[in-house]
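Colleague:
There are 2 protein chains.
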Amino acid sequence: MAETESRRPEPRYGNRPTMKDVAARAGVGLKTVSRVVNGEAGVTPDTEQRVQEAIEALGFRRNDSARVLRKGRTASIGLVLEDLADPFYGPLNRAVEEVARAHGALLINGSSAGDPAREQELVLALCARRVDGLIVIPAGDDHRYLEPEIAAGVATVFVDRPAGKTDADVVLSDSFGGAREGVAHLIGHGHRRIGFVGDQPRIHTANERLRGYYAAMEEAGLPADDAWVSLGSTAPERVRDAVTAMLDAPEPVTAIFAGNNRVTVTAVRVLAGREHPVALVGFDDIELADLLQPGLTVVAQDAATLGRTAADRLFRRLDGANDAPARVELPTRLIVRGSGEIQPWTP
Amino acid sequence: MAETESRRPEPRYGNRPTMKDVAARAGVGLKTVSRVVNGEAGVTPDTEQRVQEAIEALGFRRNDSARVLRKGRTASIGLVLEDLADPFYGPLNRAVEEVARAHGALLINGSSAGDPAREQELVLALCARRVDGLIVIPAGDDHRYLEPEIAAGVATVFVDRPAGKTDADVVLSDSFGGAREGVAHLIGHGHRRIGFVGDQPRIHTANERLRGYYAAMEEAGLPADDAWVSLGSTAPERVRDAVTAMLDAPEPVTAIFAGNNRVTVTAVRVLAGREHPVALVGFDDIELADLLQPGLTVVAQDAATLGRTAADRLFRRLDGANDAPARVELPTRLIVRGSGEIQPWTP
DNA sequence: TCTTCACATGACAACGTTGTCCAGGCCCTA
DNA sequence: TAGGGCCTGGACAACGTTGTCATGTGAAGA
Numbered sequence: 001m002a003e004t005e006s007r008r009p010e011p012r013y014g015n016r017p018t019m020k021d022v023a024a025r026a027g028v029g030l031k032t033v034s035r036v037v038n039g040e041a042g043v044t045p046d047t048e049q050r051v052q053e054a055i056e057a058l059g060f061r062r063n064d065s066a067r068v069l070r071k072g073r074t075a076s077i078g079l080v081l082e083d084l085a086d087p088f089y090g091p092l093n094r095a096v097e098e099v100a101r102a103h104g105a106l107l108i109n110g111s112s113a114g115d116p117a118r119e120q121e122l123v124l125a126l127c128a129r130r131v132d133g134l135i136v137i138p139a140g141d142d143h144r145y146l147e148p149e150i151a152a153g154v155a156t157v158f159v160d161r162p163a164g165k166t167d168a169d170v171v172l173s174d175s176f177g178g179a180r181e182g183v184a185h186l187i188g189h190g191h192r193r194i195g196f197v198g199d200q201p202r203i204h205t206a207n208e209r210l211r212g213y214y215a216a217m218e219e220a221g222l223p224a225d226d227a228w229v230s231l232g233s234t235a236p237e238r239v240r241d242a243v244t245a246m247l248d249a250p251e252p253v254t255a256i257f258a259g260n261n262r263v264t265v266t267a268v269r270v271l272a273g274r275e276h277p278v279a280l281v282g283f284d285d286i287e288l289a290d291l292l293q294p295g296l297t298v299v300a301q302d303a304a305t306l307g308r309t310a311a312d313r314l315f316r317r318l319d320g321a322n323d324a325p326a327r328v329e330l331p332t333r334l335i336v337r338g339s340g341e342i343q344p345w346t347p
Numbered sequence: 001m002a003e004t005e006s007r008r009p010e011p012r013y014g015n016r017p018t019m020k021d022v023a024a025r026a027g028v029g030l031k032t033v034s035r036v037v038n039g040e041a042g043v044t045p046d047t048e049q050r051v052q053e054a055i056e057a058l059g060f061r062r063n064d065s066a067r068v069l070r071k072g073r074t075a076s077i078g079l080v081l082e083d084l085a086d087p088f089y090g091p092l093n094r095a096v097e098e099v100a101r102a103h104g105a106l107l108i109n110g111s112s113a114g115d116p117a118r119e120q121e122l123v124l125a126l127c128a129r130r131v132d133g134l135i136v137i138p139a140g141d142d143h144r145y146l147e148p149e150i151a152a153g154v155a156t157v158f159v160d161r162p163a164g165k166t167d168a169d170v171v172l173s174d175s176f177g178g179a180r181e182g183v184a185h186l187i188g189h190g191h192r193r194i195g196f197v198g199d200q201p202r203i204h205t206a207n208e209r210l211r212g213y214y215a216a217m218e219e220a221g222l223p224a225d226d227a228w229v230s231l232g233s234t235a236p237e238r239v240r241d242a243v244t245a246m247l248d249a250p251e252p253v254t255a256i257f258a259g260n261n262r263v264t265v266t267a268v269r270v271l272a273g274r275e276h277p278v279a280l281v282g283f284d285d286i287e288l289a290d291l292l293q294p295g296l297t298v299v300a301q302d303a304a305t306l307g308r309t310a311a312d313r314l315f316r317r318l319d320g321a322n323d324a325p326a327r328v329e330l331p332t333r334l335i336v337r338g339s340g341e342i343q344p345w346t347p
């Protein structure tokens with residue numbers, strides 16, 4: 001009876017007990033254990049208890065990998081965002097998690113770090129894990145690589161920015177309208193030379209917000225000088241240089257519109273170090289923005305609703321909804337706190 | 001040759017092509033496809049190309065669930081923290097992700113919401129997925145439920161707080177020392193009646209920080225009145241009430257030590273609404289803390305290092321390290337920005 | 001008492017992959 | 001030309017689970 005380990009396929013991985021072990025110990029068949037574990041009907045209380053005891057004694061826990069293989073559904077979804085550490089994505093992440101949890105699914109997530117190649121690598125790794133669905137905040141602008149996956153049944157919803165070169169569900173904020181409203185707020189307080197500092201032009205939202213800026217300027221009959229617009233990385237150094245350049249130009253801007261939360265934070269820092277305050281409105285709300293002096297006026301988007309809406313949509317698809325890909329646009333909200341009301345000032 | 005679908009086990013799940021399909025199309029054996037997919041040696045360039053073409057044509061992607069089942073390792077780790085939306089955990093989350101990525105592993109994560117039952121549910125779900133390892137920020141104080149899992153080979157590292165009633169690796173900040181230093185800073189600026197507002201007493205760090213508070217008071221020969229100490233939920237209402245009560249007491253506190261970032265944020269808000277400023281030092285750094293008036297003095301912990309250290313430790317274990325569970329304590333850093341220097345004031 | 005039937009239970013195949021092992025073909029050398 | 005070794009390729013089992021189906025049992029009904 002001495003079990004020879006010699007010809008085992010080797011890995012063994014911790015030697016966890018399997019249903020077979022449980023069955024042997026409880027003196028029942030394999031399928032009966034399966035039934036108990038899954039709470040299926042058709043097991044005598046007596047038998048059930050014997051099985052339960054064996055499970056307890058062996059510390060058995062069902063191997064979901066095997067289950068997945070058999071059933072086809074993994075009860076997990078993937079979320080690819082730009083940076084897990086960015087506070088803007090925290091509430092979004094959490095909202096997606098809550099919806100997933102309500103559907104009994106786990107959440108696998110990762111950061112693209114804004115790199116399209118890394119986004120693709122991550123997404124494909126998730127597909128290999130056979131996640132049931134994907135929520136993606138695109139870093140790249142070409143998502144044709146996803147088409148075979150989507151065709152194979154991986155439900156996919158994009159958030160915050162639309163997919164590139166492919167048709168898919170997308171949930172986003174009204175970047176254009178929000179920026180227009182924010183810039184109009186500055187114009188309403190007498191500003192005529194307004195700077196726009198935004199994210200890289202590759203990013204959809206950066207362009208939309210810039211479009212909103214131009215629209216507001218145009219509606220007010222104001223010229224929009226190229227020197228007042230700067231798109232690029234949101235790294236603090238880049239933003240600092242851009243803002244400083246606008247403030248020190250021959251015709252300095254008297255107000256700045258910051259294209260997202262990263263830009264806003266750096267802009268606030270730069271302005272705080274200047275002798276003469278300049279008006280500022282930022283896209284995205286920021287914790288403690290209300291406690292700055294003056295309070296920071298922002299165009300807020302609701303990250304949690306963004307995430308929740310996307311996740312709801314995803315699970316609707318997983319439940320079989322089959323309508324054409326749609327675009328859901330959520331409104332933004334201008335939160336006036338004072339920083340947009342600083343009067344224009346010229347040396 | 002008409003394939004009868006009738007007796008299929010039903011789910012089919014998108015009908016993805018398998019290695020068998022690829023093999024058939026390329027006119028080679030199953031194992032040869034496997035070899036190509038895994039980059040194993042022993043395949044003629046010619047054969048390899050035929051296989052690659054078939055893979056391309058069919059849009060084949062290896063099913064990692066099946067692979068996992070066969071190999072035993074899932075190349076994924078689980079991270080259970082308190083709240084994905086809490087900005088404190090963002091950098092930690094990201095740091096863990098980076099380490100996982102460097103090891104080719106995916107990250108599954110979820111929020112316990114501070115609920116021990118939910119923590120356990122989540123952890124066990126992760127174990128059922130057979131994650132290779134777990135990083136847990138404990139919500140509960142009894143982790144004996146994890147012992148069978150750990151015994152079965154699930155590497156586990158606790159972060160931020162030690163595990164309850166079980167011996168395991170833990171990486172945390174020096175809460176005691178940090179709080180003591182923060183409170184000493186206040187004492188050094190002349191404060192004698194100092195309030196402490198912290199998280200629920202069930203939470204290990206809350207107690208450690210309170211211990212630090214008492215130590216600093218005692219070292220300065222100051223009494224520590226019970227009315228100056230308040231532990232409980234970090235919900236804004238609770239914190240607001242606690243802070244307000246301390247400020248409006250017959251013998252009001254002249255300074256407050258806030259036990260974590262959630263408490264600090266609310267405390268700042270309450271103080272901003274008061275006529276007379278009171279000194280404040282908070283545990284955990286906060287974005288924009290430097291831009292408040294006055295700048296917010298904090299005891300900062302390095303969340304990213306916390307996460308990176310824990311993840312490194314986890315993967316060392318996965319690589320076979322087998323030393324006794326250890327406790328790693330990272331130092332905190334007092335960042336003086338002014339809010340701790342406000343002079344004591346009495347009506 | 002014999003059928004009928006419901007119900008509890010277990011044997012077995014299949015999910016898609018990888019490890020093991022064997023077969024056949026080729027080239028090289030004696 | 002025979003023998004040997006190397007290289008490529010494929011057949012097969014196994015990973016742990018679940019769906020299908022067959023079997024056995026006892027109770028209810030005729």
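So the sequences go chain by chain: E and A. Position 153 (the first sequence) corresponds to 153 in UniProt numbering; numbering is contiguous. Position 204 (the second sequence) corresponds to 204 in UniProt numbering; numbering is contiguous. By construction, the Cβ of each residue, glycine as well, lies at the ideal position given by its N, Cα and C atoms. Treat the numbers as computed from the prediction; the structure is a model and nothing was measured.
1. Check the DSSP bridge columns for residue 297(E) and list the partner residues they point to.
2. Whole angstroms is fine: what's the gap from residue 336(E)'s alpha carbon to residue 252(E)'s?
3. Which residue or residues does DSSP assign as beta-bridge partners of residue 342(A)?
4. Go ahead and pull the three-state DSSP assignment for residue 222(A).
5. Classify residue 44(A): buried if its beta carbon has 16 or more other beta carbons within 10 angstroms, exposed otherwise.
6. For residue 34(E), decide whether its Cβ has a neighbour in chain A, counting only Cβ atoms nearer than 7 Å.
7. Using a Cβ-Cβ cutoff of less than 8 Å, which residues in the same chain neighbour residue 131(E) once the five nearest sequence positions on both sides are dropped?
8. Closest to residue 61(A) by C-alpha separation, out of 22(A), 270(A), 71(A), 229(A), would be which residue?
9. Residues of the region 108 to 140 of chain A in Cβ contact with chain E at a cutoff of 8 Å, in chain order, please.
10. So if I threshold CB-CB distances at 7 Å, which residues from the region 41 to 61 of chain E count as touching chain A?
11. Measuring CA to CA, which of 288(A), 345(A), 195(A) is closest to residue 275(A)?
12. Does the region 164 to 181 of chain A come close enough to the region 202 to 214 of chain A that 3 or more CB-CB pairs lie under 8 Å?
13. Where DSSP assigns a beta bridge to residue 328(E), which residues make up the other side?
14. Please compile the residues from chain A whose C-beta is within a distance smaller than 9 Å of the C-beta of residue 286(E).
15. Anything in the region 90 to 104 of chain A with a Cβ closer than 7 Å to a Cβ of chain E? List those residues in chain order, please.
16. Could you check what DSSP says for residue 69(A) in three-state terms: helix, strand or coil?
17. Return the residue from the list 259(E), 53(E), 241(E), 180(E) that minimises the CA-CA distance to residue 201(E).
18. Looking only at its own chain, which residues have a Cβ that is under 8 Å from the Cβ of residue 84(A), when we skip the five neighbours before and after it?
19. So within the region 64 to 112 of chain E, which uninterrupted beta strand (DSSP E) runs reach at least 3 residues, ignoring any that extend past its ends?
20. Give the straight-line distance between the Cα atoms of residue 195(A) and residue 232(A), rounded to the nearest whole angstrom.
21. Going along chain A in order, which residues have a C-beta closer than 7 Å to the C-beta of residue 148(E)?
22. Report whether the distance from the Cβ of residue 137(A) to the nearest heavy atom of the ligand ATP is below 6 Å.
23. Going by beta-carbon coordinates alone, are residue 299(A) and residue 332(A) separated by less than 7 Å?
24. By DSSP, does residue 335(A) sit in helix, in strand, or in coil?
25. Could you pull the start and end residues of the alpha helix (DSSP H) that residue 135(E) belongs to?
26. Compute the Euclidean distance between the alpha carbons of residue 8(A) and residue 15(A), then round it to the nearest angstrom.
27. Is residue 236(E) close to chain A, meaning its C-beta is less than 7 Å from at least one C-beta of that chain?
28. Return no unless some Cβ of chain E is closer than 7 Å to the Cβ of residue 293(A).
29. Within its chain, find whatever has a CB closer than 7 Å to the CB of residue 51(A); leave out the 5 residues flanking it on each side and keep chain order.
30. Suppose you measure from the CA of residue 90(E) to the CA of residue 312(E); what does that come to, to the nearest Å?
31. How far does the beta strand (DSSP E) with residue 22(E) in it reach, from first residue to last?
32. Would residue 64(E) count as contacting chain A if we go by Cβ distances under 7 Å?
33. Hey, quick one: how far does the beta strand (DSSP E) through residue 231(E) stretch, first residue to last?
34. Closest by CA to residue 329(A), which one among 161(A), 119(A), 57(A)?
35. Which class does residue 157(A) belong to by DSSP, given the choice of helix, strand or coil?
36. Write down the C-beta distance between residue 230(E) and residue 215(E) rounded to the nearest angstrom, noting that I regard them as a contact closer than 8 Å.
Modeller: Walking through what the data contain:
1. Here residue 297(E) refers to the residue found at position 297 when the first sequence is read from its first residue. Paired residue(s): 281(E).
2. The residue given as residue 336(E) occupies position 336 in the first sequence. The residue given as residue 252(E) occupies position 252 in the first sequence. Roughly 24 Å between the two C-alpha positions.
3. As a working note, residue 342(A) is residue 342 in the second sequence. Residue 342(A) pairs with nothing; no bridge assigned.
4. The sequence position of residue 222(A) within the second sequence is 222, counting from 1. Note: residue 222(A) maps to coil in three-state DSSP.
5. Here the question's residue 44(A) lines up with position 44 in the second sequence. Exposed, by the Cβ-count rule.
6. By 1-based counting over the first sequence, the position of residue 34(E) is 34. For residue 34(E), the answer is no, since every Cβ of chain A falls outside 7 Å of its Cβ.
7. Within the first sequence, numbered from 1, the residue matching residue 131(E) stands at position 131. For residue 131(E), where only same-chain residues beyond five positions count, the Cβ hits under 8 Å are 74, 76, 77, 78, 108, 154.
8. As a working note, residue 61(A) is residue 61 in the second sequence. Closest by alpha carbon: 22(A).
9. 108, 109, 110, 111, 124, 125, 126, 127, 128, 129, 130
10. 59, 61
11. Walking along the second sequence from the start, residue 275(A) turns up at place 275. If we check each option's Cα against that of residue 275(A), 345(A) comes out closest.
12. yes
13. The residue you call residue 328(E) lines up with position 328 of the first sequence. Paired residues: 171(E).
14. Here residue 286(E) corresponds to residue number 286 of the first sequence, with the count starting at 1. Within chain A, the residues near residue 286(E) are 287, 288.
15. 90, 91, 93, 94, 97
16. One-based indexing of the second sequence puts residue 69(A) at position 69. Of the three classes helix, strand and coil, the one that applies to residue 69(A) here is helix, per DSSP.
17. Residue 201(E) sits at position 201 when you count from the first residue of the first sequence. Comparing Cα positions, the closest option is 259(E).
18. For the purposes of this step, residue 84(A) is taken as residue 84 along the second sequence, with counting starting at 1. Once the five neighbours on either side are set aside, the close Cβ partners of residue 84(A) are 93, 109, 110, 111.
19. 76 to 81, 106 to 111
20. On the second sequence, position 195 is the one that residue 195(A) refers to. On the second sequence, position 232 is the one that residue 232(A) refers to. Whole-angstrom Cα-Cα distance: 14 Å.
21. Along the first sequence, one-based indexing puts residue 148(E) at 148. What residue 148(E) touches in chain A: 59.
22. Although the ligand ATP was asked about, the structure shown includes no ligands whatsoever.
23. Here the question's residue 299(A) lines up with position 299 in the second sequence. Here the question's residue 332(A) lines up with position 332 in the second sequence. Contact: yes.
24. Against the second sequence, residue 335(A) aligns to sequence position 335. It is a strand residue.
25. Working through the first sequence from its first residue, we reach residue 135(E) at position 135. It is not in any alpha helix (DSSP H) - residue 135(E) instead sits in the beta strand (DSSP E) that spans 133 to 136.
26. Locating residue 8(A) in the second sequence gives position 8, where the first residue counts as 1. Locating residue 15(A) in the second sequence gives position 15, where the first residue counts as 1. Note that residue 8(A) has pLDDT 31, beneath the 50 cutoff, so the model's placement of it is unreliable and no number is given.
27. Within the first sequence, numbered from 1, the residue matching residue 236(E) stands at position 236. Output row for residue 236(E): interface = no.
28. Within the second sequence, the letter at position 293 stands for residue 293(A). For residue 293(A), the answer is yes, since a Cβ of chain E falls inside 7 Å of its Cβ.
29. Mapped onto the second sequence, residue 51(A) falls at position 51. Taken in chain order, the residues that qualify are 22, 26, 28, 32, 33, 36.
30. Within the first sequence, numbered from 1, the residue matching residue 90(E) stands at position 90. Within the first sequence, numbered from 1, the residue matching residue 312(E) stands at position 312. So the two alpha carbons sit approximately 18 Å from each other.
31. In the first sequence, residue 22(E) corresponds to position 22, counting from 1. That residue, residue 22(E), is in no beta strand (DSSP E); its alpha helix (DSSP H) goes 19 to 26.
32. In the first sequence, counting from the first residue as 1, residue 64(E) sits at position 64. By this cut-off, residue 64(E) is an interface position.
33. In the first sequence, the residue the question calls residue 231(E) occupies position 231. Where residue 231(E) is concerned, the enclosing beta strand (DSSP E) stretches over 229 to 231.
34. Here residue 329(A) corresponds to residue number 329 of the second sequence, with the count starting at 1. For the residues 161(A), 119(A), 57(A), the minimum Cα distance to residue 329(A) belongs to 161(A).
35. Sequence index remark: in the second sequence, residue 157(A) carries index 157 (1-based). Note: residue 157(A) maps to strand in three-state DSSP.
36. The residue you call residue 230(E) lines up with position 230 of the first sequence. The residue you call residue 215(E) lines up with position 215 of the first sequence. Not a contact, Cβ separation roughly 18 Å.
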